[in-house]
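In the working numbering, the protein residues as written are 988 to 1160.
Beta carbons: idealized from backbone N, C-alpha and C, even for Gly.
These figures come from a predicted structure and were not determined experimentally.
One structure below.
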Amino acid sequence: GEFENQQRATRSLLMVIPAALLLIVIILFATFQSLALAALVLGNIPFALMGGVIALFISGEYLSVPASVGLIALLGIAVLNGVVMVSYFEQTRGRLNLNERVLEGAATRLRPVLMTATTAMFGLMPLVFAIGPGAEIQKPLAIVVIGGLVTSTLTTLYLLPLGYRWLEERGHA
């Protein structure tokens, strides 16, 4: 019964995740007209997933269907933060030099990225401490998203600007 449902859900997720990633790549490429910038934004995903898995491990939870749904949600969140940052860099391309673009972009987007992440984390906190019916579903999902938000936010704020600068200096952005 329940084991078979878990197996079916896992197989379903194994098809959905690659499809979601492919769709994200297509949208990023269409947005930036650059495979390098799309790859830069996608580089945030492993850090987000790593944060989610580490949070699961620390909390003593295991990788379940709800946790997997949280990992899928992290794909979108990690990409969104990267798009916000890279879009700003690209919008200021004509009027600022590379150093100014990266510094101003990181400083300007710092507050919105932090506000989005902290709001989401605080919003999910009640689910982490939930008890009663449904808690076994809510808790792993919330833990994964919170852990992934921590690492993806740090990646967006620190590594993404450095990666953009590196690509730009080599003429790939």
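Item: When Thr1018, Leu1043 and Val1070 are compared against Val1132, the one with the closest alpha-carbon; Value: Leu1043
Item: Given 8 Å, three or more beta-carbon pairs between the region 1095 to 1108 and the region 1029 to 1046; Value: no
Item: Where Asn1068 falls, given that 16 or more other Cβ within 10 Å makes a residue buried; Value: buried
Item: Opening and closing residue of the alpha helix (DSSP H) in which Tyr1151 lies; Value: Leu1147 to Glu1156
Item: As assigned by DSSP and simplified to three states, the class of Asn1084; Value: coil
Item: Phe1116 (DSSP reduced to helix, strand or coil); Value: coil
Item: Alpha-carbon spacing of Phe1016 relative to Leu1022, whole angstroms; Value: 6 Å
Item: Cα-Cα separation between Trp976 and Leu1085, rounded to whole angstroms; Value: Here the chain comprises residues numbered 988 to 1160, so residue 976 is not present and cannot be evaluated.
Item: Pair within 8 Å by beta-carbon distance, Glu1091 and Leu1083; Value: yes
Item: Within 8 Å, strictly: CB atoms of Asn1128 and Ala1054; Value: As written in the sequence, residue 1128 is Leu, which differs from the Asn given in the question. Yes; because the gap between Cβ atoms is below 8 Å, this pair is in contact.
Item: Per-residue burial, Ile1118 [other beta carbons within 10 Å of its own, 16 or more giving buried]; Value: exposed
Item: Coil, strand or helix - Glu1048 by DSSP; Value: coil
Item: Gly1134 - DSSP class collapsed to helix/strand/coil; Value: helix
Item: Residue of Glu1155, Glu1048 and Leu1027 minimising C-alpha distance to Gly1134; Value: Glu1048
Item: When Leu1001, Ala1094, Phe1109 and Ala1006 are compared against Pro1148, the one with the closest alpha-carbon; Value: Ala1094
Item: Cβ-based neighbour list, Ile1011, same chain, cut-off 6 Å, excluding 5 preceding and 5 following; Value: Val1066
Item: Neighbourhood of Gln993 by C-beta, 7 Å cutoff - its chain only, sequence neighbours within 5 removed; Value: Val1052
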